[in-house]
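Student:
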Amino acid sequence: MQKIDLLKLESELKLPDELYKYFGIVKMHLKKLFNFKKNLNEFEYINNKIIDYVFENIYDKIYPQKPSEEDNIIYKKCLLLSNRVNYKCFIEEKNNYLVFYCFLKDIFGYFEKIEKEKSPRKKLFNISLIFASITNAFTFFDKNIPVADDILPILNYVCIEAHPLNILTNCRFISLFLDPENINSNLRELESTYLRIINMSDNQLSHFTEEIFRRLILRTS
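Just so we're aligned, residue 117 is where the sequence shown starts under this note's numbering, counting upward by one.
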């Protein structure tokens with residue numbers, strides 16, 4: 117069964133549903149045993165810790181051991197793209213590139229944590245930090261609150277430069293095992309960015325120019 121799509125199998129077996137039935141039982145007993153009426157934040161903190169603990173202990177059994185074919189394609193294409201484009205394709209000349217690189221170090225660290233963390237909640241939290249850092253960087257440059265069209269170019273740049281190993285697998289894992297109420301748009305935007313990269317043909321990459329890049333990657337539709 118080594119070649120089986122493990123996440124697809126877990127979805128078909130409704131493993132996430134069974135897990136959250138279990139988490140629901142735990143939550144019910146927590147409320148019975150302790151009085152959290154005065155401090156709901158403490159209750160959420162303890163409940164999240166329990167869920168994280170369970171995922172940390174079963175992670176090796178439910179997370180695919182190897183990158184998917186799509187993950188490998190993304191990794192290779194990002195490496196190729198990072199050698200053919202630079203920040204000038206993404207960021208307007210008026211911005212301070214040296215300051216932007218200070219933000220990059222933190223952003224790359226969040227990409228690493230997405231891979232290392234075993235709880236889907238923590239993985240998504242680090243994705244949210246990527247977007248928060250991009251927003252902070254833009255605000256630092258422009259002094260205005262960015263809209264989606266402002267964030268997208270920088271997001272594409274950091275996604276390429278980070279060239280993560282298992283990004284689509286991580287996105288699928290989060291979508292499968294995290295409570296849908298807790299999933300935000302950041303996950304979808306990150307996934308869409310890498311899907312645009314994966315759909316670029318080898319011929320397009322071999323004749324890659326800044327003009328082609330802007331047409332293929334920076335489009336918002």
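Note that the Cβ used here is the ideal one computed from N, Cα and C, for glycine as well.
So, using beta-carbon positions, are Ser244 and Asp168 closer together than 7 angstroms?
Tutor: no
Student: Considering Arg312, what are the terminal residues of the alpha helix (DSSP H) in which it resides?
Tutor: 301-314
Student: Does the distance from the C-beta atom of Lys147 to that of Asn163 stay below 7 angstroms?
Tutor: no
Student: Taking 7 angstroms as the cut-off, decide whether the C-beta atoms of Tyr226 and Ile246 are in contact.
Tutor: yes
Student: Go through its chain and collect everything with a Cβ distance to Ile261's Cβ below 7 angstroms, but skip five positions before and after it.
Tutor: Thr255
Student: Short of 7 angstroms in beta carbon distance, which residues of its chain neighbour Glu186, apart from the five on each side in sequence? Order them along the chain.
Tutor: Leu284, Ile314
Student: Reducing DSSP to helix, strand and coil, say where Ser127 ends up.
Tutor: When DSSP states are grouped into helix, strand and coil, Ser127 belongs to the helix group.
Student: Between Leu292 and Leu196, what straight-line distance do the alpha-carbon atoms span, to the nearest angstrom?
Tutor: 30 angstroms
Student: Return the chain-ordered list of same chain residues with a C-beta closer than 8 angstroms to the C-beta of Leu240, the five sequence neighbours on each side being excluded.
Tutor: The residues Ile290, Leu294, Asn298, Ile299, Asn300, Asn302, Leu303, in chain order, have a CB closer than 8 angstroms to that of Leu240 in the same chain once the five nearest residues on each side in sequence are set aside.
Student: How should Asn286 be labelled, buried or exposed, when 16 other C-beta atoms within 10 angstroms of its C-beta is the threshold for buried?
Tutor: buried
Student: Have a look at Pro280, Phe139, Arg288 and flag the residue whose alpha-carbon is nearest the alpha-carbon of Ile189.
Tutor: Pro280
Student: So, at 6 angstroms on beta carbons, what are the nonlocal neighbours of Lys165 in its own chain, with the 5 sequence-adjacent residues on each side left out?
Tutor: Within the same chain, Lys165 has no close Cβ partners at all.
Student: Is DSSP giving Val263 helix, strand or coil here?
Tutor: Of the three classes helix, strand and coil, the one that applies to Val263 here is coil, per DSSP.
Student: Can you grab the Cα-Cα spacing for the pair Tyr310 / Phe150, in whole Å?
Tutor: 44 angstroms
Student: Excluding five sequence neighbours on each side, which residues of the same chain lie with their C-beta closer than 6 angstroms to the C-beta of Phe219?
Tutor: Ser249, Ala253
Student: Taking the CB atoms as reference points, tell me whether Glu128 and Ser198 lie closer together than 7 angstroms.
Tutor: no
Student: How is Lys193 classed by DSSP in three states: helix, strand or coil?
Tutor: helix
Student: How many Å lie between Leu231 and Tyr175 at the Cα?
Tutor: Before going further, note that residue 231 is Glu rather than Leu in the sequence given. Rounded to the nearest angstrom, the two C-alpha atoms are 12 angstroms apart.
Student: Could you give the DSSP three-state label for His279: helix, strand or coil?
Tutor: coil
Student: Going along the chain, which residues of its own chain have a beta-carbon closer than 7 angstroms to the beta-carbon of Tyr179, five neighbours each way excluded?
Tutor: Phe289
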